[in-house]
Amino acid sequence: MNIFKQLYRSLYSPKDIASYRFQGIGKTILYVFLLVLVSILPAAYNLAILSNKAIDESIAAVESELPAFSIEDGVLVSDSQEPVTVRKEHLTFIMDSSGSVSLSELSGQKDAVAFLEDEFALVIAGQVQSYPYSMIDGLEADNEEIANYLETLDSLKGIILSVFILILYLFSAGMTFIKVSIFALIALLFANALHRKLPYRQAWRITAHSITLSTIFFTIMEMLNTFVPASFFLDWIVTSIVLYLTIKEIPKKKTA
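First residue of the sequence shown? That's 442 in my numbering, and the numbers climb one at a time after it.
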């Protein structure tokens, strides 16, 4: 049976999952990689859309919507005496050469870019990261130069995006393999309680397929931009239930 059929049947059939305990470890590892690939598709798509829009919005804001400014000797210089805020569809841009805006105030933004008096700040999902202008020796830049830099970044976004998605995939794969290894230990406890003979290598194989239902469910929820409360615990509960039902399908130990 090919891994796509296995993925489909792993959504609903503990009996089929139990039969996969005898398949080769290489095929099981390949199955995990396929599952990880499916699971990151929404994140990869959103990252691609956001990076496209974010760079375009940044160029437009710096070129024509923010007041003229420059960075000289590690300080933002502008004729504007008050903070300026430009709200776009995906990002909010803030420029403040007066020192009025603090980093703590930026945490109220969801996604934002801020040029502050002596530092640059990036806000992603409410998390603020700041970088002093002085960290780059001899930094001298104005609207035009920053816009040119962003246009260069725009021309390289395909390469940069590919690298980010690859990192995301490898990180997700690593976390999934750890998750499967942990649940395989739980599978041994279930097998012992149910009086089933199940070596760890077989437990690992069926666990790799038992995470399918929860993985696909959360992937669909992410595609629909739907928040799932207590998702971590729900994931563990669903996986544990599927794993338990799968082990019940394994024949009991023969008694002498």
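Even glycine gets a Cβ: it sits at the ideal position worked out from N, Cα and C.
Just so we're clear, the structure is a prediction, and the values are computed from it rather than from any experiment.
Cβ atoms of residue j and residue i: under 9 angstroms apart, would you say?
{"i": "E513", "j": "N584", "result": "no"}
{"i": "L563", "j": "Y574", "result": "no"}
{"i": "S681", "j": "F624", "result": "yes"}
{"i": "Y453", "j": "L654", "result": "yes"}
{"i": "A644", "j": "R462", "result": "yes"}
{"i": "I647", "j": "A628", "result": "yes"}
{"i": "A632", "j": "T469", "result": "no"}
{"i": "R637", "j": "K551", "result": "no"}
{"i": "A485", "j": "I606", "result": "yes"}
{"i": "K529", "j": "A501", "result": "yes"}
{"i": "S651", "j": "I458", "result": "yes"}
{"i": "L544", "j": "V525", "result": "no"}
{"i": "K598", "j": "N487", "result": "no"}
{"i": "V473", "j": "F618", "result": "yes"}
{"i": "L639", "j": "I577", "result": "no"}
Over what stretch of residues does the alpha helix (DSSP H) that includes residue i continue unbroken?
{"i": "Q447", "result": "I444 to R450"}
{"i": "A495", "result": "I466 to A501"}
{"i": "L594", "result": "N584 to S596"}
{"i": "I458", "result": "P455 to S460"}
For residue i, name the three-state secondary structure that DSSP assigns.
{"i": "S519", "result": "strand"}
{"i": "E546", "result": "helix"}
{"i": "L436", "result": "Since the first residue shown for the chain is 442 and the last is 697, residue 436 is missing from the structure and cannot be characterised."}
{"i": "D552", "result": "strand"}
{"i": "T533", "result": "strand"}
{"i": "V569", "result": "strand"}
{"i": "E581", "result": "coil"}
{"i": "K620", "result": "helix"}
{"i": "V669", "result": "coil"}
Counting along the chain, where does the beta strand (DSSP E) carrying residue i start and finish?
{"i": "T687", "result": "Looking at the DSSP string, T687 is not in any beta strand (DSSP E); the run it does join, the alpha helix (DSSP H), is S672 to K689."}
{"i": "A699", "result": "Residue 699 is absent from the model: the chain starts at 442 and stops at 697."}
Nearest chain C C-beta to residue i closer than 9 angstroms, yes or no?
{"i": "H531", "result": "Absent from the structure: chain C. Only one protein chain is present."}
Within its chain, find whatever has a CB closer than 8 angstroms to the CB of residue i; leave out the 5 residues flanking it on each side and keep chain order.
{"i": "L594", "result": "I496 and I601"}
{"i": "S499", "result": "L532, F534, V554 and L591"}
{"i": "E558", "result": "V516, L517, D537, S538, S539 and G540"}
{"i": "L547", "result": "I535, A553, A555, A562, V564 and V569"}
{"i": "Q675", "result": "Reading off the sequence, residue 675 comes out as Leu, not Gln. Same-chain partners within the cutoff: S655 and V669."}
Can you give me the Cβ contacts of residue i inside the same chain, cut-off strictly under 6 angstroms, excluding the 5 residues immediately before and after it?
{"i": "M662", "result": "V669"}
{"i": "G549", "result": "none"}
{"i": "A582", "result": "I512"}
Check whether the Cβ of residue i lies closer than 8 angstroms to any heavy atom of the ligand MN, and answer yes or no.
{"i": "S538", "result": "Looking at this structure, you won't find the ligand MN or any other ligand, since it has none at all."}
Leaving out five residues before and five after residue i in sequence, what residues of the same chain have Cβ atoms less than 7 angstroms from its Cβ?
{"i": "G467", "result": "none"}
{"i": "I678", "result": "none"}
{"i": "E560", "result": "S571, Y572, P573 and Y574"}
{"i": "G477", "result": "It is worth fixing the name first, because residue 477 is Val in this sequence and not Gly. These residues qualify, in order along the chain: Y610, S613, A614 and T617."}
{"i": "V621", "result": "V473, W645, T648, A649 and I652"}
Check: In chain order, which continuous runs of the alpha helix (DSSP H) of length 4 or greater are located wholly inside the region 623-661?
Finding: 641-651
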